[in-house]
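Please read the structure below before turning to the comments.
In this note's numbering, the protein residues as written are 182 to 576.
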């Protein structure tokens, strides 16, 4: 069900701003096919480079935000016209995040880096069908202009979806299950539970804790929205976030890795709270993170009372400050171990885990290489933005 909800949400915005332009682009392919000329290679190269560059620009924001659904929709839409054989969006280590269409290895392709904060975050590749490209200069110019309008429409639609979502952000609209005889309910992918354990809150006066929690939730929630999650206070512990699952098994590893990135980014943002409001007579805030999956997709308001949350809290208790303790179930979904620093850890308290594999966890302490640079860039941008509760603090 969550896959349909997410897909519906993305298609709603993209269809508003992009469908008309893309329809024009598709229909004009008949004109381009008929208007043949001898300048095929030059015009095809110009078109391919321009399309790949614009695709990379549109892919940057959803790629950094881990929005694989938006990337998939974008790749599918760009692949619709006959001039385009296939579209791919992938990471710097050649992990495909979105792909549409197919083409032979000999087909001309054009690749452009996806850049964020002067760092290459991935690549956008467009493969063309050469038999379509035998047009004159005027038709080639028209073709570039129409595709530019189409891509701009998709960008506007994506931004509309991010800035003006439909309904409350903490409660997606329900979609009723099918009740037709013989139809089976659509399988919903598991969501993820992230507990932000304010480990030393007993060192703070009880009268100060609500203000501190409100401040930290406001800052951490910025990260949650960026990575498709929502957070609330977890009484007596700190904060709890629910992150939607991947739309299919092929994207589960990247989605899980994105949530690990979100946890480490929350740690960076909360460290800024320490630096801004630390006072000598008070200790620094200490946060530890526990990450587990929730196959039941429990609504956020009901999560605090579940076994999954209890297990995530136990996991966070054995983590060091600013590190993430994941269950075996979550860690097994992560691919590409070279992307992060991790270590297996055993602890007696973990024998009490109920929904997670007992006795062990995996501690993730940092990202490596370009991923670390991307995370630092995101942290700088978020720290530079005032949160919704920005005002003189007594903390």
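By construction, the Cβ of each residue, glycine as well, lies at the ideal position given by its N, Cα and C atoms.
Exposure label - residue i; buried when at least 16 CB within 10 Å
i: residue 222; result: exposed
i: residue 569; result: Confidence at residue 569 is low in this model, with a pLDDT of 45, below 50, so its placement is unreliable and no value can be given for it.
i: residue 416; result: exposed
i: residue 248; result: buried
i: residue 537; result: buried
i: residue 283; result: exposed
i: residue 530; result: exposed
i: residue 565; result: exposed
i: residue 409; result: buried
i: residue 268; result: buried
Residue from the options with nearest C-alpha to residue i
i: residue 493; options: 452, 522, 394 and 535; result: 535
i: residue 277; options: 255, 290 and 304; result: 304
i: residue 254; options: 273, 312 and 281; result: 281
i: residue 425; options: 262, 513, 395 and 480; result: 480
i: residue 453; options: 400, 502, 469 and 412; result: 400
i: residue 257; options: 236, 242 and 246; result: 236
i: residue 500; options: 306, 310 and 470; result: 470
i: residue 486; options: 234, 441, 374 and 497; result: 374
i: residue 437; options: 429, 514 and 532; result: 514
i: residue 396; options: 435, 527, 372 and 457; result: 457
i: residue 289; options: 308, 369, 467 and 489; result: 308
i: residue 497; options: 297, 543, 244 and 273; result: 543
i: residue 376; options: 271, 383 and 444; result: 444
i: residue 229; options: 244, 245 and 266; result: 266
Reduced DSSP category for residue i - H, G, I as helix; E, B as strand; rest coil
i: residue 557; result: helix
i: residue 385; result: coil
i: residue 430; result: helix
i: residue 457; result: helix
i: residue 552; result: helix
i: residue 170; result: The chain is shown from 182 up to 576; residue 170 falls before or after that span and cannot be answered.
i: residue 294; result: strand
i: residue 482; result: helix
i: residue 499; result: coil
i: residue 409; result: coil
i: residue 514; result: coil
i: residue 247; result: coil
i: residue 528; result: coil
i: residue 506; result: strand
i: residue 565; result: coil
i: residue 547; result: strand
Bridge-paired residues (DSSP) for residue i
i: residue 494; result: Answer is none; residue 494 lacks a bridge partner.
i: residue 300; result: 297
i: residue 376; result: 421 and 471
i: residue 308; result: 267 and 290
i: residue 397; result: DSSP lists no partner for residue 397.
Rounded distance between the beta-carbons of residue j and residue i, thought under 8 angstroms
i: residue 541; j: residue 511; result: The pair is not a contact, with the Cβ atoms about 12 angstroms apart (cut-off 8 angstroms).
i: residue 411; j: residue 419; result: Not confirmed; about 15 angstroms, so no contact.
i: residue 520; j: residue 548; result: 6 angstroms
i: residue 484; j: residue 440; result: Not really, about 15 angstroms apart at Cβ, beyond 8 angstroms.
Any non-hydrogen atom of the ligand COA closer than 7 angstroms to residue i Cβ
i: residue 482; result: Among the components of this structure there are no ligands whatsoever, and the ligand COA is therefore not found.
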